[in-house]
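Protein chains in written order, with the numbering used here: chain G, 1 to 149; chain H, 150 to 306.
Taking it in order: structure first as structure tokens, then the write-up.
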């Protein structure tokens with residue numbers, strides 16, 4: 001990204017915004033799972049695995065529809081900056097963005113499996129959420145490394 | 150298909166027209182966003198305090214924390230996307246000149262801290278509401294300024 005020094009400011013702040021968007025999203029997801037009552041992250045995750053909060057199809061669609069748009073757009077916006085990176089390999093960028101899109105899709109649709117009754121515990125949602133968060137943080141780190149190289 | 154290799158918008162009238170239209174849309178969005186927050190939260194410290202903490206005398210319930218966090222989550226996303234569009238066009242239109250970096254830092258910092266200050270006000274008291282109103286007003290004013298400068302350049306080019 002050496003050829004575009006003036007774009008470093010918006011790209012740098014984009015990384016900060018993205019981090020807070022993910023953090024507020026996680027907080028928002030964990031609140032009805034028991035975080036508002038227990039106040040403990042570990043206890044909330046245990047409760048989510050044991051008995052995830054019940055949701056209707058309407059609630060699922062209300063959450064899934066905007067997230068398909070917003071997560072798809074945000075991953076695209078952040079990941080496309082890797083095109084200009086001279087530090088991160090093209091192969092790694094392609095793999096990372098592909099797995100990120102797969103994780104985002106499974107994460108959004110995971111609750112449908114709980115509503116239908118295919119899975120009764122929330123471990124799948126928790127696992128996919130953790131994978132997505134980890135991959136997204138890796139993407140942010142990759143863009144940050146490219147930006148400040 | 151011919152891809153753009155020049156930063157000059159003069160020989161590409163379609164791109165100039167598209168950039169003008171999206172800048173106008175973003176400027177209108179920012180104006181309406183101020184009105185929207187006026188309705189949802191309130192733009193004076195008294196109105197915002199009533200929304201956040203409720204008012205027993207007026208029988209107004211305090212906002213649910215989940216609703217406030219959802220608003221913050223949406224605000225962060227909308228601010229990011231709208232600012233990336235406006236600032237990218239602004240930087241492109243000023244590619245031959247020096248850019249005031251302080252202006253861009255102030256714009257992004259105010260936009261980032263405004264939603265976070267709203268959360269701080271919910272937990273920390275009405276003192277933080279002044280910060281939220283200041284940061285919210287600042288980022289909208291600066292974004293309108295940056296958008297207007299970009300629009301002026303687009304029309305003149």
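Beta carbons are placed, not taken as given, at the ideal position from N, Cα and C, and that holds for glycine.
Interface annotation, residue 17 of chain G: in contact with chain H, CB-CB separation under 8 Å.
Within 10 angstroms of the beta-carbon of residue 87 of chain G lie fewer than 16 other beta-carbons, which makes it exposed. If you check the CB distance, residue 103 of chain G and residue 132 of chain G come in under 8 Å. Any Cβ of chain G closer than 8 Å to the Cβ of residue 167 of chain H would place that residue at the interface, and such an atom is absent.
Boundaries of the alpha helix (DSSP H) harbouring residue 67 of chain G: 57 to 79, taken from the DSSP string.
Sequence-ordered contacts of the region 204 to 231 of chain H with chain G read 214, 215, 218, 219, 221, 222, 223, 225, 226, 228, 229 and 230 [C-beta pairs closer than 9 Å].
Under the three-state reduction of DSSP output, residue 209 of chain H falls in the strand class.
For residue 212 of chain H, the closest alpha carbon among the candidates H:178, H:248, H:267 and H:175 is that of H:267.
For residue 240 of chain H, the neighbours in chain G by C-beta distance under 8 Å run, in chain order, 6, 7 and 10. Of all residues in the region 61 to 76 of chain G, those with a C-beta nearer than 9 Å to a C-beta of chain H are 66, 70, 73 and 74, reading in chain order. In terms of Cβ geometry, residue 284 of chain H and residue 278 of chain H do not form a close pair [threshold 8 Å]. Along the region 81 to 117 of chain G, the alpha helix (DSSP H) occurs as fully enclosed runs of 4 or more residues at 90 to 116, listed in sequence order. Taking a beta-carbon distance threshold of 8 Å, residue 272 of chain H does not count as an interface residue toward chain G.
The residue among H:228, H:264 and H:301 with its C-alpha nearest the C-alpha of residue 178 of chain H is H:228. Between residue 257 of chain H and residue 232 of chain H, the CB-CB gap stays under 8 Å. At a Cβ-Cβ threshold of 8 Å, residue 263 of chain H and residue 288 of chain H count as neighbours.
For residue 149 of chain G, no alpha helix (DSSP H) run applies, since DSSP gives it neither H nor E. The beta carbon of residue 301 of chain H does not come within 8 Å of any beta carbon belonging to chain G, so the residue lies off that interface. Taking CB atoms only, residue 257 of chain H has a neighbour in chain G less than 8 Å away.
For residue 145 of chain G, the number of other beta carbons within 10 angstroms of its own is below 16, and it is reported as exposed.
Setting aside the 5 residues that flank it on each side, residue 30 of chain G is surrounded in the same chain by 44, each with a C-beta closer than 7 Å to its C-beta; the list follows chain order.
For the C-beta of residue 250 of chain H, the chain G residues within less than 9 Å are, from N- to C-terminus, 6 and 9. Rounded to the nearest whole angstrom, the C-alpha separation of residue 35 of chain G and residue 216 of chain H is 15 Å.
Around the beta-carbon of residue 281 of chain H, 16 or more other beta-carbon atoms lie within 10 Å, marking it buried. Within chain H, no C-beta atom comes nearer than 7 Å to that of residue 111 of chain G; the closest sits roughly 17 Å away.
Contact of residue 289 of chain H with chain G is not assigned, every C-beta pair being separated by 8 Å or more.
The criterion of a C-beta distance shorter than 8 Å is not satisfied by residue 48 of chain G and residue 59 of chain G. Residue 20 of chain G belongs to the set of residues whose beta carbon lies under 8 Å from a beta carbon in chain H.
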